[in-house]
Amino acid sequence: MTRVLVTGGAGYIGSHTALALLRAGHDVLSFDNYANSSPEALRRVTVLAGRSPEIVEGDIRDRAALDAVFFRFRPDAVIHFAGLKAVGESVERPLAYYRTNVTGTQEVLETMQTHDCRQIVFSSSATVYGEARYLPFDEDHPLAPTSPYGRTKLFVEDIIRDWVHARRGTSAVMLRYFNPVGADMSGQIGEDPNGIPNNLLPYLARVAAGRLERLGIFGNDYDTRDGTGERDFIHVSDLADAHLAALDFAAHQIGATAINVGTGQGATVLEMLHAFETAAGRQIAYQFLPRRPGDVARSLAAVDRAARLLNWRATRDVADMCVSTWNWQSRNPDGYGT
Ligand code: NAD
Ligand code: UFG
1 MTRVLVTGGA GYIGSHTALA LLRAGHDVLS FDNYANSSPE ALRRVTVLAG
51 RSPEIVEGDI RDRAALDAVF FRFRPDAVIH FAGLKAVGES VERPLAYYRT
101 NVTGTQEVLE TMQTHDCRQI VFSSSATVYG EARYLPFDED HPLAPTSPYG
151 RTKLFVEDII RDWVHARRGT SAVMLRYFNP VGADMSGQIG EDPNGIPNNL
201 LPYLARVAAG RLERLGIFGN DYDTRDGTGE RDFIHVSDLA DAHLAALDFA
251 AHQIGATAIN VGTGQGATVL EMLHAFETAA GRQIAYQFLP RRPGDVARSL
301 AAVDRAARLL NWRATRDVAD MCVSTWNWQS RNPDGYGT
């Protein structure tokens, strides 16, 4: 059993990981300011797990608040999800992204150092690779993110690498997520974006539910099987399991290691739309629109490092991703506001 401080524990990936941690018998403290989430997610996690995480409302930019939590909870490890994640918004408000994602992480690391906490699992992103020079992306692919958001992830990876190098006995796993989608099979927790969703699966779910008229597909002239963008979608419950494996790895290994988290299998936007039609049992209207600026044609993960170092592989497929998203959407038409 490990005592795990989870920053951003009420968020989409954080809540699924908190559930997996509690089910595996770990003690969890969620530290979240609810900038992009609801405390209701943690209430539901408590019901599903049959026991509660400790819950603290706080901001990672607030050193005194972090300090108080470390002093009281004495975590063995940190899983650091908290941050801002909208690529477009990061272009409009870069300083907010650097403040929360970079300075906020620095506060977390400094607090870890003060309290001699030596293990961290960090939420990085496939966006650190930028345009593909070759596919699938392996972890040694050059890093050239194309947005302020992506650069915050790269800078934090570098900061963590430097810190781990300088501090004997510390250990960090930087998980580079590909495209997290889906929801816990209970349909009780899931992704609950504010406003009109930017991402494909939440958008598809709302069209299927009749809350949006049709999906706009950004580009049908890419060099892919059907001309639409191809991504490596990864089920959020598989992703949660990868964090458990990363925690175990960090407990037995020193150094900083970047590891992709994907399935190694790509699906195009049209393939995803058809899979969602099957899951929801209804047709989904769509139209082709121009390419979205900044999008790449294809993104695919090399997954052998995760298999080798973490002994982890994704087990859920595209059908599971769509069925669970639809289950969550139809049970909670207004997300946590229901
Ligand atoms: P999310 O927005 O649902 O979760 C982030 C959580 O952090 C939220 O609960 C939010 O309230 C909290 N938070 C934000 N700023 C905070 C602050 N200053 N102090 C304390 N808490 C704060 O996002 P998610 O999809 O669960 O993503 C989690 C992490 O994974 C993020 O770091 C994100 O960049 C990264 N990531 C996500 C994706 C994705 O597609 N979802 C892909 C790659 C990487
Ligand atoms: N798409 C549409 N219509 C939509 C939404 C998306 O056609 O309404 C397409 C996109 O053009 C893309 C695919 O669906 O081809 C996936 O798009 P998402 O927005 O769901 O995901 P991205 O691959 O753009 O973004 C994800 C994460 C980001 C991360 C980025 C780069 O959400 O956090 O991968 O790795 F930065």
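In the numbering used here, the protein residues as written are 1 to 338. Idealized CB from N, CA, C, for every residue including glycine. These numbers were taken from a predicted model, which means no experiment stands behind them.
Closer than 6 Å by C-beta to D32: which residues in its own chain qualify, once you throw out the five before and the five after it? Chain order, please.
Taken in chain order, the residues that qualify are G8, G9 and A10.
Would the beta-carbon of S123 be found less than 7 Å away from any heavy atom of the ligand NAD?
Result yes, Cβ under 7 Å from the ligand NAD.
Evaluate contact between the stretch 66-86 and the stretch 144-157, counting only Cβ atoms and requiring at least three cross-stretch pairs below 8 Å.
Yes: the two stretches touch, three or more of their Cβ pairs being nearer than 8 Å.
Grouping DSSP H, G and I as helix and E and B as strand, with all else coil, what is Q283?
Correct three-state label for Q283: coil.
Would you say I159 touches the ligand NAD, meaning its beta carbon is less than 7 Å from a heavy atom?
Incorrect: I159 has no Cβ contact closer than 7 Å to the ligand NAD.
Indicate, with yes or no, if the ligand UFG has a heavy atom lying under 7 Å from the CB of V261.
Incorrect: V261 has no Cβ contact closer than 7 Å to the ligand UFG.
The ligand UFG and T127: does the residue's C-beta get closer than 7 Å to at least one heavy atom of that ligand?
Indeed, a heavy atom of the ligand UFG lies less than 7 Å from the Cβ.
Straight-line CA distance for Y286 to R214?
Roughly 5 Å between the two C-alpha positions.
By DSSP's criteria, Y177 is part of a beta bridge. Which residues make up the other side?
Answer is S125 and V261.
Mind checking which residues open and close the alpha helix (DSSP H) that includes P16?
Checking the displayed sequence, the identity of residue 16 turns out to be His instead of Pro. From DSSP, the alpha helix (DSSP H) with H16 extends over Y12 to R23.
Helix, strand or coil, according to DSSP, for G50 in the structure here?
Coil.
Distance, Cα to Cα, I259 vs H141?
Approximately 12 Å between the Cα atoms of the pair.
Give a single yes or no on whether V318 has its beta carbon closer than 7 Å to a heavy atom of the ligand UFG.
The answer is no for V318.
Considering just the uninterrupted stretch of the alpha helix (DSSP H) at G104, what are its terminal residues?
Looking at the DSSP string, the run of the alpha helix (DSSP H) that includes G104 is G104 to T114.
Once you ignore the five residues that flank I55 on each side, which residues in its own chain have a CB closer than 6 Å to its CB?
Excluding positions up to five away in sequence, the list reads S30 and L42.
Where V164 and R282 are concerned, what is the direct C-alpha to C-alpha distance, given to the nearest angstrom?
So the two alpha carbons sit approximately 51 Å from each other.
At the level of alpha carbons, what is the spacing between R168 and L289?
Approximately 52 Å between the Cα atoms of the pair.
Mind reading off the beta-carbon distance from I217 to V45? Whole number of angstroms is fine, and I expect it under 8 Å.
Actually they do not touch by this definition, with Cβ atoms about 34 Å apart.
Name the DSSP bridge partner or partners of S37?
Paired residues: none, contrary to the question.
Tell whether a beta-carbon distance below 8 Å holds between D192 and H16.
Cβ atoms of D192 and H16: not closer than 8 Å.
Got a sec: does the ligand NAD put a non-hydrogen atom nearer than 7 Å to the Cβ of D241?
No, the Cβ of D241 stays beyond 7 Å of every heavy atom of the ligand NAD.
For G130, which residues from the same chain have a beta carbon less than 6 Å from its beta carbon, with the 5 sequence-adjacent residues on both sides left out?
Closer than 6 Å at the Cβ level, and outside the excluded window around G130, lie A144, P145 and T146.
For a quick check, are the C-beta atoms of Q329 and A209 less than 8 Å apart?
Closer than 8 Å, so yes.
Have a look at N327 and A301 and give me their C-alpha separation to the nearest angstrom.
If you take the alpha carbons of N327 and A301, they lie about 27 Å apart.
For S171, is the beta carbon positioned less than 7 Å from some heavy atom of the ligand UFG?
No, since every heavy atom of the ligand UFG falls outside the 7 Å radius drawn around the Cβ of S171.
Report buried or exposed for I234, applying the criterion of at least 16 other Cβ atoms within 10 angstroms of its Cβ.
Flag for I234 reads buried.
DSSP has A256 in a bridge; who is on the other side?
Answer is A172, bridged to A256.
Taking D116 as the reference, which of E89, S171, V87 and P136 has the closest Cα?
Considering only alpha carbons, the answer is S171.
Between L175, F70, S124 and Y12, which has its C-alpha nearest G182's C-alpha?
Nearest of L175, F70, S124 and Y12 to G182, Cα basis: Y12.
Does the stretch 22-29 come within contact of the stretch 265-280, defined as at least 3 CB pairs closer than 8 Å?
Counting Cβ pairs under 8 Å, fewer than three are found: no touch.
What distance in whole Å lies between the Cβ atoms of V261 and A306, which are believed to be in contact at a cut-off of 8 Å?
Right, the Cβ-Cβ distance comes to about 6 Å (below 8 Å), so this counts as a contact.
Could you round the C-beta distance between Y342 and S38 to whole angstroms and report it? I think they count as a contact, below 8 Å.
Because the chain here runs from 1 to 338, residue 342 falls outside it and cannot be looked at.
Just mark T278 as buried or exposed, buried being the case when its beta carbon has 16 or more other beta carbons within 10 Å.
Classification of T278: exposed, given that the 10 Å Cβ count is below 16.
Within its chain, find whatever has a CB closer than 7 Å to the CB of L135; leave out the 5 residues flanking it on each side and keep chain order.
If we look at L135 and ignore the five residues flanking it on each side, its Cβ neighbours are R298 and L300.
Taking the beta carbon of A20 as the centre, do at least 16 other beta carbons fall within 10 Å, making it buried, or is it exposed?
Buried: at least 16 other Cβ atoms inside 10 Å.
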